[in-house]
Each structure stands twice: as structure tokens, then as C-alpha cells.
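Visitor: Protein chains in written order, with the numbering used here: chain A, 1 to 472; chain B, 473 to 944.
For every residue, glycine included, the Cβ atom is placed at its ideal position computed from N, Cα and C.
Pasting in a structure now, in C-alpha cells, and then I'll have a few things to ask.
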């Protein structure tokens, strides 16, 4: 027998070893493969639901099916053109106030040459306060009037909720900008009249000191800049990269198409066939519908977030050569609901911190109470943004925002639990409460209320107990 | 006017910053929150499908619905008791061979005292070869006979596929153990008769040298040890932790219940209502069914893997004080299909490497060809394990295994692509080919063939074109 190179006696088992999944195994394995598996299972199961949807409904996407009336378009265009006038009015008010300040400064200088007595200073303060009262009244009156009239038109005269949402969003954004313009210029004027060396103005404002910033071009820059916070000057980039702008525009286009397809093909039939379950208050079915809707609404929400905060605002910032592009922080990793609300929408967060939270805390309000005030204002604006275009002030968006307060308390407590588990749990609570339950449930309720208002529910389900709940 | 602590002039935008999702942003954010979201979406969407399933079918789980006949149980028990006899027969053969070897050694020693000539050595080699031919024939004949008779009984006399699978699996495991026992003892005998200082036996065998290892108690240890590779001695633990064993037993129990519920409540109706689509060769529906089945089959597969390779084998190893518990490596992260097949089932991999691959390569076969031989043997065993209990040797399991060879070539090429992407793609190809397509498709085909064979398809769908394809 020829000598073989190999013998069947090799010791396969020569040492003690643990299975890697046994708790306390020396090397805990990576589970990155399961992340890939989850992605694939999500893709596969949703592709399957798309096949199912196609077999049931065919293609529902249709360009000519959007029934917006001519009246909607006319009112929408009128609002689009008239809402910015609020800023011009604010500019005119500030122009007058600046003139007043300049002449007051001249008077003070003259008086100062004579005698800078406490009596003179008190008189100057009184004069500033008197003028601010008039200025504040003018700003407040026309801002309130503008927001009210816009909301009134959206609520009563624009039927299509899409056009209504755009108009209402525009009105709220301009309203916030006008408020910031008024507050900031008030304190700049105050700083001019009562300079305080211990509290110098930010360095960046030196390039455009008050009252030089009260100019039409400065206002127009603020009008289009991707921020809600007025500053006389902003960090700027050197030049506009048009290729970058084109890429962002392409992203907005593609994402809008994706959202449109998702809503028309997947959300619309789901909402439609949930009307019956809502009408009969069949809770298990409503839960099932919310769960099914959650995937579509989550998809639309993520696409919408990216389209608005990443693509649109970055594109606009590039055109405006606006250099501070922190429009959001990585909110998807938040471990408490509080962090979510301070990171996902930096323009509004910055506004609220600068013009609501900090002034209140600076005036001695406890921080927790100031936060509640911020959430209250935010809740009112949310209700306005959802309720006015859908013609139903249900209070669901308002309550949804106010419900964030106990949730914040709860997830803050959870975060203090030691170790990574509390953070993961907090993150999951955020996703469940916000994306998997809150949004689809809200969408169902406003959709149902819409159909209850316009009669399609009462026609289809005349005995519906839910109609009494929405007061029809 | 009292001096306020706060002024609305704080510079929110004081520096240039990038949005964190912009490509090339200074700090790429973590996306760990999206991992949590994926887990939640998977849980939510599957909970929804469970509600849908419950509404459609009610509760399908039923203890008394399993229709195994008395004949199945009797044959199953008979096989369970008779299959291990193969090991006792192998032991008797080795006992005789060991006696022969001992007397040959005595003769050689006597001859060695006279003259250790090349002629004497050649004569001894001839004698060893002659005896090995007889031993190999005996082992081969009874091993083949045993596997054939077990498969025959499972195929023709055990109707219930569950009982059939257990019997066939048992038969294959014992067959592999008997092969390893014969091969290893052959080479140990050879090493005794022709000691070669350049190739010493593994140190761990010193505690039980040949022929002392040919004992009934040593065989019984190998019979129950969680390995397919025979060694005279194994690494051992000091004591049995019964609490550990109880935990593993509990895991097996819970996971078995989970698999049972998943099959009865979710897989069974899915398979049942896919018969019609299969019968009419409606490919889009078949794809849709495969996609839906993939989640259930993946769940069952992962539970089954854990129950068998982690819980059962670790529990058995603890009872046997078997210390080498590397029954698998983290196969879920593999980036090529080759790695998967060498890591998910270490007992079989160890057997194939020691008794098939290495001997073939040692005898001069190119490694690639030796791998193909290993896959061929594995494919035959897979077909036996699936085809015999389902009474249909379709060749699908065989072809599925053989198809791994081109897939290995492809993912090996992909792995060489630079960067992490090739690894992620390889991992995804593994999951898709194996868990999301291969397994559910195989399950559908064997299920259809079963119903075609036992007439339920031809009764329900007499015009089915697919019946011709499976030859009924």
C-alpha cells in the first residue's frame, strides 16, 4: 500500500470552545448580517404588498384625477402673492421706528453734551417704551390680521387640502419671519439707544449695524433666506454652485413623485376602505388599518423630510449663499422625545429658543413652564396647519403636540436608566408614538372628519355611531 | 422700563455648517435609529398580518388534528431502536480488526527481534491491506444496507412527513458516525502497525491509545457525543451543570412551540391556497406566494437553527461533558456563500473536511474538484433528507445544493471587489438565494408534489398543466 499523505486521525476537537451565541461567550459576534436581512425582508414584504395592491386596485395614479377647482387656484395664487406683503408692512413700520430712533439718538447726543443725568436717561427710556408700544401694536395688529385672514380663506374658500396646506404653511412661515424681524429690530434699536458694554452685540452684526440694516434689500434677503430668525447679517458662502442646486432640485422632483405615487396608489385606497371601520367604530379593524397605514405614512414622512429639510432648504441656501445649513441634526437616533423636537426642525427650534423660550426664562419663568408654553404655541400652529386646510379644527394635532409633554417626561426618566437599553427603548418609543401610531392615526381621523363633513360617510353609513362623535 | 436679562439679538447663525446628510459632510451621522425603526416596522407589519390571518382563518392550531397513523408510530419507533445497531455492528467489526492488528503486532515484534528486513515490512503492509479490504467491505456493506433500508421504510411505509424526517435524519447521522468510526480506526490501526515519528498522533489521543479505544463504553460515548467525527478522546468539561441543561431544554421547548404555531397558523394555509396557483402555473401569484412564505419560512428556519445548533447540541454537550462547542460560527455575517456552508453546520463541515475533502486533496485531487465532490455528497444527502420523508425524489434539494457551486464562484468574485460594498452585497445575495427564495420555493414544490401524488390536486384542479410537469 502506497503511503498516503493524509490520515483520518486529525484531531478536529482538540480544545474547549464556546458557541458564540451562548451568553458569556468570550467573543460576542457581530449581528450586521441581520441588519442586511431586515432590509431585505422589508423590501420583499413590501414588494409583495405592492403586487397584492396592484391585483386589487390596478393602477390608481392618474394625472387628470386631481379635482381642484378654478376658485382654489385663484385664491391660492392671490394668497401666495399677498402674504409676503406682511413683511413689507413690517419693513415700513421698522423704517419709521428707525427714523424715530435716529432722531432720538441725535437728541440724546445733544442732551448728553449738556448733561447725561439719570433724569435724562429715564426720559429716554420712557420715550423708547412709548415708541415700542406703538410699534408693537402695529406689528401685532397687522401680523394677527394677516394670519387670521389667510387661515379664514384657507378654511372657507380653498377646498383642495393640498393647495390649502401650501397656503397655510406659507402664511405661518411669513408670520414667524415678521415676528422675528420685529423682535430683533426692537432690541437692536434698544442697544443703539442704550449701549451696554457688558452685553455687546454679536460680532457678525458689525458688518451691518442698526439702523443700516433697515433696508429693502436686507429685508428681501431675510424673506428668502432659509431661516425664521432675523439677523442683520448671516454667514455667507462665496459663490453659488449651480450644479449643486440642480442636484437638490432633482431630488425634490424625484421624492415628490415618490410621495405622490405612495399616497395615490397605497394610502388613498387604504384610507377609503377604513371609512367603514371608522364609521362603525370597529376598533380591531381601526388598529389594523393604522398598522397598515403606518408603513406608507412613514415612507411619505421620511421622503418629505428629506425633500424639505435636506433638498429644498439646502438648494435654497445655495442660491441665497446662506452658509449655516444645520437645518436638522440626526434626530433618527434620539433617545428621548425632547431631543427629537429640538433636532428635527432647526429653523422652528431656533425661532422658539430665541424668541419664546429664552425671553421667558430670562424674565424669570421656570424652564419647564417655558417649555410648556413653547409646546402650546407649537400645538396651536400645528392645529392651524392641519385643521385649516382639512376644514376641521378637530384638536387632534393640538392634543398630539400637547401629549408630547408627558411623553418627554417619561422618556427623560427612561434615559436615566443605566446602560444602552434605556436609549434604545427611548428611541423605539419615539418611533412608535410619532411615526407608527401618531401620524397614521391623525391622518385617519382628519380623513374621516373630512368625509363626515362633506357627506360621503353619512350617505354610505347613515347609522354610523362615529358621526355623533365628530358632531355631525 | 426695567432692564431685561434677555435680548432677541443673539446670533443663531454665526458660522458655516453643513447638513449632516449632505455627501462629504464633516461628520457622517450614525444611523442606529433606523435599525430600531426597521425592527419596529417588521414587528408592526407582521402583527398586522397576524390580525389579518386571524380574521380570515380563526385559530388553526389544534392538538388533535395531526393525522399520523398507528403504522407510522410503530415503524418510527422500530427505526429509532434499530438504526443505532449499525454502530454496534461497526464496533464488532473493529473489535475483530483490532484483535487481528494485535496479533499482527505481536508477530511483527517477534520478527523484529529476528530481522526487520524490507521484505518483512512489505509482508506486513500486504497483510494490513488484505485485512482492511475485508474490514472496509464489511463496514461498507452494512452501512449501505442500513441507510438503504431506513430510507426505503421512510419512503414507502411512513406516511407522516414529520416522523419520516426524524427517522431519516437519525439514519443519516448514524451513517456518518459509522463512516467516521471506520475511517478513523483504520488509520489508528495503520499508525499502530507502521509508526511514523514524522507524523505523530494528536496529543489528545495519548489518554486512550489504539486498540484500547475499541471498547463498548468508548463507542457509546461517540454514539451520543454532539459530533460526527470520531476521536478516541475528546476535550471534556469537569462536571454537568444541570441548570444549564434545563435552560437549553426550555429553549428547545419554547422554540418548538413557536415553529409549530408558525407552521400550522401561517405556513399551512399559505401553502394550501398556493396549490391552485401552482396547478395553473400562474407565475406572478407563485412569486407573490413565495414572497409571503419567505417570512414564515425564515422565522421557522432561524428558530430551528437556534433550537438545534445552539440549544439542543449545547444541552447534549453539557450532559456528555463535551467541551468543544463550536457547533457553528457567526454565519449570518458571511459575505460569500462558501463561508456560509463552512460555518453554519460545523459537525457536518468537520466530517466532510476530515473524511472527504482532505483525503481527496491529500491523494492529489485539485481542491476545487474536491469541493465539488463534497457538495455532490451533501446534495445527495439533502435530497435523501427532504425527498424520502415527502415521498418525492424531485431532485430540487439536490439541484439547490449543486446550484451553490456557481453561486460560490460568483460571491467569491464579488468579495474581491474593494470596499465594504462587495461584502454587503455578498451577504444579501446569500440571504436572498438561501432564505428568501430557495427555502420557500423548495417548500412550495415539495408541498405541491405531495398533493399531486396523493390526489388532492388532480381532484381539485383536473386540468392542471403543472401535473404533467411532475409526471402525474
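How long is the line joining the alpha carbons of residue 506 of chain B and residue 334 of chain A, rounded to whole angstroms?
Guide: Between residue 506 of chain B and residue 334 of chain A, the C-alpha separation is close to 11 angstroms.
Visitor: Three-state secondary structure (DSSP) at residue 479 of chain B?
Guide: Coil, per DSSP.
Visitor: Looking at residue 265 of chain A: is its Cβ nearer than 8 angstroms to the Cβ of residue 60 of chain A?
Guide: Yes. Within cutoff.
Visitor: Thinking residue 508 of chain B and residue 424 of chain A are a contact (beta carbons under 8 angstroms), I'd like their distance in whole angstroms, please.
Guide: Between residue 424 of chain A and residue 508 of chain B the Cβ distance is about 6 angstroms, and since that is below 8 angstroms, they are a contact.
Visitor: Starting from residue 651 of chain B, trace the alpha helix (DSSP H) in both directions and tell me its first and last residue.
Guide: Its alpha helix (DSSP H) spans residues 633 to 665.
Visitor: Could you work out which residues of chain A lie near residue 846 of chain B, taking near to mean beta carbons separated by less than 7 angstroms?
Guide: The premise fails here: residue 846 of chain B is roughly 15 angstroms from chain A at the closest Cβ pair, so nothing lies under 7 angstroms.
Visitor: Between the region 867 to 878 of chain B and the region 719 to 728 of chain B, do at least 3 Cβ pairs fall closer than 8 angstroms?
Guide: They do not touch, by the three-pair rule.
Visitor: Using a Cβ cut-off of 9 angstroms, which residues of the region 790 to 804 of chain B contact any Cβ in chain A, in chain order?
Guide: So the list reads 794, 795, 796, 797, 798, 799, 800, 801, 802, 803 and 804, given in the order they occur along the chain.
Visitor: Between which residues of its own chain and residue 53 of chain A is the CB-CB distance below 7 angstroms, once the five residues before and five after are set aside?
Guide: Cβ neighbours of residue 53 of chain A beyond the five flanking positions: 265 and 266.
Visitor: Can you list, in chain order, the residues of the region 398 to 429 of chain A whose Cβ is nearer than 7 angstroms to any Cβ on chain B?
Guide: Taking 7 angstroms as the Cβ-Cβ cut-off against chain B, the residues of the region 398 to 429 of chain A that qualify are 424, 427 and 428.
Visitor: So, does the region 630 to 645 of chain B touch the region 536 to 552 of chain B, judging by three or more C-beta pairs under 8 angstroms?
Guide: Yes, since at least three Cβ pairs between the region 630 to 645 of chain B and the region 536 to 552 of chain B fall closer than 8 angstroms, the two stretches touch.
Visitor: Buried or exposed: which applies to residue 475 of chain B, given that a residue is buried once 16 or more other Cβ atoms fall within 10 Å of its Cβ?
Guide: The pLDDT assigned to residue 475 of chain B is 44, lower than 50, so where the model puts this residue is not dependable, and the model offers no usable value.
Visitor: Can you find a C-beta in chain A that's less than 8 angstroms from the C-beta of residue 707 of chain B?
Guide: By this cut-off, residue 707 of chain B is an interface position.
Visitor: Can you tell which of A:442, A:233 and A:361 has the C-alpha that lies nearest to the C-alpha of residue 387 of chain A?
Guide: Taking only the C-alpha atoms, the option nearest residue 387 of chain A is A:442.
Visitor: Is the CB of residue 343 of chain A under 8 angstroms away from at least one CB in chain B?
Guide: Closer than 8 angstroms: no.
Visitor: Going by DSSP in three states, residue 236 of chain A sits in which element: helix, strand or coil?
Guide: Three-state result, residue 236 of chain A: strand.
Visitor: Tell me, please, whether the region 771 to 779 of chain B touches the region 723 to 733 of chain B by the rule of three or more beta-carbon pairs shorter than 8 angstroms.
Guide: A contact exists between the region 771 to 779 of chain B and the region 723 to 733 of chain B.
Visitor: Measure the alpha-carbon distance for residue 150 of chain A versus residue 519 of chain B and round it to whole angstroms.
Guide: Looking at the two C-alpha atoms, the distance is approximately 43 angstroms.
Visitor: By DSSP's criteria, residue 322 of chain A is part of a beta bridge. Which residues make up the other side?
Guide: In DSSP, residue 322 of chain A forms a bridge with A:236.
Visitor: Tell me, which residues are paired with residue 17 of chain A by DSSP?
Guide: Paired residue(s): B:796.
Visitor: Are the CB atoms of residue 888 of chain B and residue 898 of chain B nearer to each other than 8 angstroms?
Guide: Their beta carbons are not under 8 angstroms apart, which means residue 888 of chain B does not touch residue 898 of chain B by this criterion.
Visitor: Using only the alpha-carbon positions, how far apart do residue 428 of chain B and residue 766 of chain B sit?
Guide: Residue numbering for chain B in the displayed model covers 473 to 944; residue 428 of chain B lies beyond these limits and cannot be assessed.
Visitor: From the DSSP output, in three-state form, read off residue 314 of chain A for me.
Guide: Three-state DSSP puts residue 314 of chain A in a helix.
Visitor: How about residue 175 of chain A: is its C-beta nearer than 8 angstroms to some C-beta of chain B?
Guide: So, not an interface residue.
Visitor: At a Cβ threshold of 8 angstroms, is residue 481 of chain B touching chain A?
Guide: Closer than 8 angstroms: yes.
Visitor: When you compare only the Cα positions, how much space is there between residue 768 of chain B and residue 907 of chain B?
Guide: C-alpha separation (whole angstroms): 10 angstroms.
Visitor: Restricting to runs no shorter than 4 residues, where is the alpha helix (DSSP H) found entirely within the region 851 to 932 of chain B?
Guide: Segments of the alpha helix (DSSP H) lying fully in the region 851 to 932 of chain B: 868 to 888, 892 to 903, 911 to 925 and 928 to 932.
Visitor: Quick check: the Cα distance between residue 202 of chain A and residue 211 of chain A, rounded to an integer number of angstroms?
Guide: For residue 202 of chain A and residue 211 of chain A, the distance between alpha carbons rounds to 15 angstroms.
Visitor: Count the other CB atoms within 10 Å of the CB of residue 352 of chain A; is the residue buried (16 or more) or exposed (fewer)?
Guide: It counts as buried.
Visitor: In the region 492 to 508 of chain B, which residues sit with their C-beta less than 8 angstroms from some C-beta in chain A, listed in chain order?
Guide: Under the 8 angstroms Cβ criterion, the region 492 to 508 of chain B contributes 492, 493, 494, 501, 502, 503, 504, 505, 506, 507 and 508.
Visitor: Would you list, in chain order, the members of the region 753 to 766 of chain B that have their beta-carbon closer than 8 angstroms to a beta-carbon of chain A?
Guide: Those residues of the region 753 to 766 of chain B that come within reach of chain A (Cβ to Cβ, closer than 8 angstroms) are 756, 759, 760, 763, 764 and 766.
Visitor: Would you say the region 83 to 91 of chain A touches the region 790 to 801 of chain B, given that touching needs at least three Cβ pairs under 8 angstroms?
Guide: No, the region 83 to 91 of chain A is not in contact with the region 790 to 801 of chain B.
Visitor: In this structure, does DSSP put residue 345 of chain A in helix, strand or coil?
Guide: Coil.
Visitor: Kindly indicate if chain E contains any beta-carbon less than 8 angstroms away from that of residue 838 of chain B.
Guide: Going by chain labels, chain E is absent from the structure shown, which instead holds the protein chains A and B.
Visitor: Tell me which same chain residues have a C-beta within less than 6 angstroms of the C-beta of residue 408 of chain A, skipping the five on either side of it?
Guide: Correct list, in chain order: 337 and 338.
Visitor: Would the beta-carbon of residue 42 of chain A fall within 8 angstroms of that of residue 514 of chain B?
Guide: In contact: residue 42 of chain A and residue 514 of chain B (Cβ atoms closer than 8 angstroms).
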